[in-house]
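Remarks on the structure that follows.
Number of protein chains: 2
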Amino acid sequence: MALAEFELIRQYFNTAELTFPRPGIVLGPGDDCALLAVPADSHLAMSMDTLNAGVHFPVDADAAELAQRCLRVNLSDLAAMGAEPLGFTLSLSLPEVSASWLQGFSQGLAACASHYQCSLVGGDTTRGPLAITIQVHGLVPAGQALRRTGAQLGDGIYVTGTLGDAALALPYLTQQPGFELSALNLADQQALHAAFYRPDARLDAGMALRGLASAAIDISDGLASDLLHVLQASAGARAAPGAVIDSATLPVSDVFARLVGGSDRLAMALGGGDDYELCVTVPPRHEARAQAAVQALGIAFTRIGEVVADSGIMVRDSGGACQPLTLTGYRHFGNQDNE
Amino acid sequence: MALAEFELIRQYFNTAELTFPRPGIVLGPGDDCALLAVPADSHLAMSMDTLNAGVHFPVDADAAELAQRCLRVNLSDLAAMGAEPLGFTLSLSLPEVSASWLQGFSQGLAACASHYQCSLVGGDTTRGPLAITIQVHGLVPAGQALRRTGAQLGDGIYVTGTLGDAALALPYLTQQPGFELSALNLADQQALHAAFYRPDARLDAGMALRGLASAAIDISDGLASDLLHVLQASAGARAAPGAVIDSATLPVSDVFARLVGGSDRLAMALGGGDDYELCVTVPPRHEARAQAAVQALGIAFTRIGEVVADSGIMVRDSGGACQPLTLTGYRHFGNQDNE
Chain W
62 MALAEFELIR QYFNTAELTF PRPGIVLGPG DDCALLAVPA DSHLAMSMDT
112 LNAGVHFPVD ADAAELAQRC LRVNLSDLAA MGAEPLGFTL SLSLPEVSAS
162 WLQGFSQGLA ACASHYQCSL VGGDTTRGPL AITIQVHGLV PAGQALRRTG
212 AQLGDGIYVT GTLGDAALAL PYLTQQPGFE LSALNLADQQ ALHAAFYRPD
262 ARLDAGMALR GLASAAIDIS DGLASDLLHV LQASAGARAA PGAVIDSATL
312 PVSDVFARLV GGSDRLAMAL GGGDDYELCV TVPPRHEARA QAAVQALGIA
362 FTRIGEVVAD SGIMVRDSGG ACQPLTLTGY RHFGNQDNE
Chain S
62 MALAEFELIR QYFNTAELTF PRPGIVLGPG DDCALLAVPA DSHLAMSMDT
112 LNAGVHFPVD ADAAELAQRC LRVNLSDLAA MGAEPLGFTL SLSLPEVSAS
162 WLQGFSQGLA ACASHYQCSL VGGDTTRGPL AITIQVHGLV PAGQALRRTG
212 AQLGDGIYVT GTLGDAALAL PYLTQQPGFE LSALNLADQQ ALHAAFYRPD
262 ARLDAGMALR GLASAAIDIS DGLASDLLHV LQASAGARAA PGAVIDSATL
312 PVSDVFARLV GGSDRLAMAL GGGDDYELCV TVPPRHEARA QAAVQALGIA
362 FTRIGEVVAD SGIMVRDSGG ACQPLTLTGY RHFGNQDNE
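Taken in order, these protein sequences are the chains called W and S.
Numbering (my numbering) for the first sequence: 62 to 400.
Numbering (my numbering) for the second sequence: 62 to 400.
Shown next, in the form of structure tokens:
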């Protein structure tokens, strides 16, 4: 960046709304490193994600909405560990420096940072194709992090919120033929927009499930893919366990129920990516407490099946008949990708 | 990434050479977050940098060399804080998945990670224009981090190693007209290659200077630019101090002395970027100890001037005559950038 551009960028990111103080942040942006203090009884949880223009979001995405999505997607990983947000770093690659874009991006980022109490502590800004890398950092009591590895036979499988909304939104937001956003009513338009750009990071649910859930993951690739990650990680020395999913229990939103035809529902709810809901397993002895703890937060928490001995995922219909699920991997926006 | 590509990537990065255990790394790659433990008497220092193809390195750069450079550039920020490396995260955006490129990149990364005892703890791999984001994490005793803010009038200004080698290397490595690498002898070719791709991260020097240096920065934009950052950060409530640099003392390498003409020497040593040496200020009462401590490590540590009251940078020639320095900002490879 030229010096004037660098100053412009600094002006938008070095603000009280973005770089606010938090206990544990010893030093924020402006030096060679940021400095964090971590209490002796806690661990620092951290996760990094990159979103590239044209791969993870439309090139012409609104800057404020894009900022929200980038930070929320990362915070979702903290939620899946049961960690409490502390601070984040941001690396922004920009093809050109636009004051209006920077203003929108920083405002969206600040709104999200403030909402989740996660302060900007450092990062990098550089020239390049539009790309956003964020690393989030949070605290979790030592030994209480929710891992992917603890699922046991007989555990209940739960998801927060509703499934498939982001997958439903994608063809509308990218203006695919047959998916005219303007043909929907305003409330539905807004719901689909929010599902893609402002997924709720389920941080409170993650923290409430410490000591109750046996395993957790956030749903980025699609429920079926991510549940398989949990089952495989939980294999230990034996074969990976499997799951039976009750198709009738899969929670979907009103807009999803109205817009998605019967034959597509299961595929989108199980296979659609970008939900950023939590999928957790809960031992039977903790199920009642876990349900009460999450529902007390006003967050839907639905039992969708259980962990079983046979590997893979079976789908059970309302009549009790089981069929093995054939996975279709998640595809990124505009690409044959699932990561 | 398609699933098979994702597995291939995992195979190259999930290796014992890259993800080795270190005290303080509670959980490495493979879950939603990595987990670090930080001793109660220490702070976690962290820094993030992105390198984009065609901006920060040639698109056809050797993968192993590129990996070395990316990690070393980041470790240099830990050095400038006086921190000891612990672990790093990596986000890799790839336009295509090439096994030979991944093998080279992971081998270069592992060699560097092992050399500096900094283990890979997590990250992201995704489709996109070739770009590498690394965040490094290190430990520094609480209150002993080297900041940019502590330079005082009368402090000596020191640099490690030699200056200008990376700036000298750049036109050769990018095959600019008049800069034929093949016209140089093999030792010079290797020296220039190493200067750009394998800068020494001055971690031992940074740690040795805890409690002795009053301020520190690593030289990425060029000595003059980075020294100005220190002086401005040290201003406090008063006007920023300045510096007098003795041009005859600026340390340069043999190859630099032979290849760079007299009129270019000062501009390249003071203005050339990518040196990744440390520039530190040392109060007079600590100068002897600081010199002894760094030189005991076998690292050149040269006094190049001192902090003065008048703002800006003055260059003093061997006759004692002073002239104000006119800054030419650092330009990234192939771009009119200085960040």
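Beta carbons are placed, not taken as given, at the ideal position from N, Cα and C, and that holds for glycine.
| message | Suppose you measure from the CA of aspartate 398/W to the CA of phenylalanine 257/W; what does that come to, to the nearest Å? | response | Mapped onto the first sequence, residue 398/W falls at position 337. Mapped onto the first sequence, residue 257/W falls at position 196. Any answer about aspartate 398/W is weak, because its pLDDT of 38 lies below 50 and its placement is not dependable; what the coordinates show is given next. Spanning the two alpha carbons is a distance of roughly 17 Å.
| message | I'd like to know if methionine 268/W contacts chain S, where contact means its C-beta is closer than 7 Å to some C-beta of that chain. | response | Sequence index remark: in the first sequence, residue 268/W carries index 207 (1-based). Not an interface residue.
| Is it true that the region 260-277 of chain W meets the region 198-212 of chain W, where meeting means three or more beta-carbon pairs spaced less than 8 Å apart? | yes
| said: Does the contact criterion of 3 or more C-beta pairs under 8 Å hold for the region 365-375 of chain W versus the region 313-323 of chain W? | reply: no
| Residue span of the beta strand (DSSP E) that contains tyrosine 219/S, given as start and end | Position 158 of the second sequence, counted from the first residue, corresponds to residue 219/S. Element bounds for tyrosine 219/S: 217-221.
| task | Quick one: which unbroken beta strand (DSSP E) runs of 3-plus residues sit fully inside the region 221-295 of chain W? Chain order, please. | result | 276-279
| task | Can you tell me which of the three DSSP states arginine 130/W falls into? | result | In the first sequence, residue 130/W corresponds to position 69, counting from 1. Arginine 130/W: helix per DSSP, three-state reduction.
| message | In whole angstroms, give me the CA-to-CA distance for histidine 393/S and aspartate 226/W. | response | Reading the second sequence from its first residue, position 332 is the one you call residue 393/S. Reading the first sequence from its first residue, position 165 is the one you call residue 226/W. With a pLDDT of 42 at histidine 393/S, under the threshold of 50, the modelled position of this residue cannot be trusted, and the question is left open.
| query | If you pair each beta-carbon of the region 284-303 of chain W with each one of the region 167-174 of chain W, do three or more pairs fall below 8 Å? | reply | no
| query | Grouping DSSP H, G and I as helix and E and B as strand, with all else coil, what is phenylalanine 67/W? | reply | Within the first sequence, residue 67/W is the residue found at index 6, counting from 1. Looking at phenylalanine 67/W - three-state DSSP - the assignment turns out to be helix.
| Three-state secondary structure assigned by DSSP to glutamine 205/S | The residue labelled residue 205/S in the question sits at position 144 within the second sequence. Glutamine 205/S: coil per DSSP, three-state reduction.
| request: Report whether the distance from the Cβ of alanine 203/S to the nearest heavy atom of the ligand PLP is below 6 Å. | output: In the structure on display, the ligand PLP does not appear, and there are no ligands present to speak of.
| query | Between Gly334/S, Ala128/S, Arg259/S, which lies nearest to serine 286/S when the distance is taken from Cα to Cα? | reply | Here the question's residue 286/S lines up with position 225 in the second sequence. The shortest Cα separation from serine 286/S among Gly334/S, Ala128/S, Arg259/S belongs to Gly334/S.
| message | Just to confirm my understanding: we take leucine 242/S, look at its own chain, exclude 5 residues before and 5 after, and list those with CB closer than 6 Å. What are they? | response | Counting from one through the second sequence, the residue named residue 242/S turns up at place 181. Tyr233, Gln250.
| request: If I'm right that isoleucine 360/W touches threonine 221/W with Cβ under 8 Å, what's the distance once you round it to whole angstroms? | output: Within the first sequence, numbered from 1, the residue matching residue 360/W stands at position 299. Within the first sequence, numbered from 1, the residue matching residue 221/W stands at position 160. Between threonine 221/W and isoleucine 360/W the Cβ distance is about 5 Å, and since that is below 8 Å, they are a contact.
| Near glutamate 367/S, what residues of its chain come up, given a Cβ to Cβ distance below 8 Å and the 5 sequence neighbours on each side ignored? | Start at 1 with the first residue of the second sequence, and residue 367/S comes out as number 306. Cβ neighbours of glutamate 367/S beyond the five flanking positions: Gly215, Asp216, Gly217, Ile218, Ala304, Val305.
| Element boundaries [beta strand (DSSP E), containing glycine 85/S] | Looking up residue 85/S in the second sequence gives position 24. Taken as a continuous stretch (DSSP letters only), glycine 85/S belongs to no beta strand (DSSP E), as it is neither H nor E.
| task | Apply the 10 Å Cβ neighbour rule to alanine 65/W and answer buried if 16 or more other Cβ atoms are within range, or exposed otherwise. | result | Here residue 65/W corresponds to residue number 4 of the first sequence, with the count starting at 1. Under this definition alanine 65/W is an exposed residue.
| said: Considering just the uninterrupted stretch of the beta strand (DSSP E) at glutamine 164/W, what are its terminal residues? | reply: Mapped onto the first sequence, residue 164/W falls at position 103. For glutamine 164/W, there is no enclosing beta strand (DSSP E); the enclosing alpha helix (DSSP H) has its first and last residue at 160-177.
| request: Would you kindly report the start and end of the unbroken beta strand (DSSP E) that includes serine 103/W? | output: Start at 1 with the first residue of the first sequence, and residue 103/W comes out as number 42. Looking at the DSSP string, the run of the beta strand (DSSP E) that includes serine 103/W is 103-113.
| Cβ of threonine 80/W within 7 Å of any chain S Cβ | For the purposes of this step, residue 80/W is taken as residue 19 along the first sequence, with counting starting at 1. Chain S, which has no Cβ nearer than 7 Å to the Cβ of threonine 80/W, makes this no.
| field | Rounded distance between the beta-carbons of glycine 199/S and alanine 328/S, thought under 8 Å | value | Here the question's residue 328/S lines up with position 267 in the second sequence. Here the question's residue 199/S lines up with position 138 in the second sequence. Contact doesn't hold; Cβ gap of about 33 Å is too wide.
| Taking C-beta to C-beta, are phenylalanine 149/S and isoleucine 195/S nearer than 7 Å? | Against the second sequence, residue 149/S aligns to sequence position 88. Against the second sequence, residue 195/S aligns to sequence position 134. Yes, the pair counts as a contact, with Cβ atoms nearer than the cut-off.
| said: With the cut-off set at 7 Å, would you say aspartate 261/W and leucine 358/W are in Cβ contact? | reply: What you label residue 261/W is simply residue 200 of the first sequence in a count that begins at 1. What you label residue 358/W is simply residue 297 of the first sequence in a count that begins at 1. No; because the gap between Cβ atoms is not below 7 Å, this pair is not in contact.
| query | How long is the line joining the alpha carbons of alanine 98/S and glycine 380/W, rounded to whole angstroms? | reply | Numbered from 1 along the second sequence, position 37 holds the residue referred to as residue 98/S. Numbered from 1 along the first sequence, position 319 holds the residue referred to as residue 380/W. Their Cα atoms are separated by approximately 50 Å.
| Is DSSP giving valine 316/S helix, strand or coil here? | Numbered from its first residue, the second sequence carries residue 316/S at position 255. In this structure, valine 316/S counts as helix in the three-state DSSP scheme.
| query | For glycine 395/S, which residues from the same chain have a beta carbon less than 6 Å from its beta carbon, with the 5 sequence-adjacent residues on both sides left out? | reply | As a first step, residue 395/S must be located in the second sequence, where it is residue number 334. Because glycine 395/S sits at a pLDDT of 38, beneath the cut-off of 50, its placement in the model cannot be relied upon, and the following sentence gives the value as read from the coordinates. So the qualifying residues of the chain are Gly115.
| query | Which of helix, strand or coil does DSSP assign to alanine 357/S? | reply | Your numbering for residue 357/S matches position 296 in the second sequence. Note: alanine 357/S maps to coil in three-state DSSP.
| For a contact meaning CB atoms closer than 7 Å, what does cysteine 94/S contact in chain W? | The residue given as residue 94/S occupies position 33 in the second sequence. The contacting residues are Ala106, Met107, Ser108, Asp138, Leu139, Met142, Ala144.
| request: Taking 8 Å as the threshold, find out whether the region 141-156 of chain S comes into contact with the region 170-184 of chain S through three or more Cβ pairs. | output: yes
| field | Distance, leucine 339/W Cα to leucine 288/W Cα | value | By one-based count along the first sequence, residue 288/W stands at place 227. By one-based count along the first sequence, residue 339/W stands at place 278. Spanning the two alpha carbons is a distance of roughly 10 Å.
| message | Along the chain, where does the alpha helix (DSSP H) containing glycine 323/W start, and where does it finish? | response | Taking the first sequence and counting its residues from 1, the one referred to as residue 323/W is at position 262. Element bounds for glycine 323/W: 323-332.
| query | asparagine 113/S versus chain W: which residues are under 9 Å apart at the beta carbon? | reply | Here residue 113/S refers to the residue found at position 52 when the second sequence is read from its first residue. Per Cβ cutoff of 9 Å: Ser154, Thr187, Arg188, Gly189, Pro190, Ala192.
| Which residues of chain S have a Cβ atom closer than 7 Å to the Cβ of glycine 184/W, listed in chain order? | Here residue 184/W is taken as the residue at index 123 of the first sequence, counted from 1. What glycine 184/W touches in chain S: Met109.
| Integer Cβ distance of arginine 259/W from arginine 133/W, believed to fall under 8 Å | For this step, residue 259/W is matched to residue 198 along the first sequence. For this step, residue 133/W is matched to residue 72 along the first sequence. Confirmed, Cβ separation roughly 6 Å.
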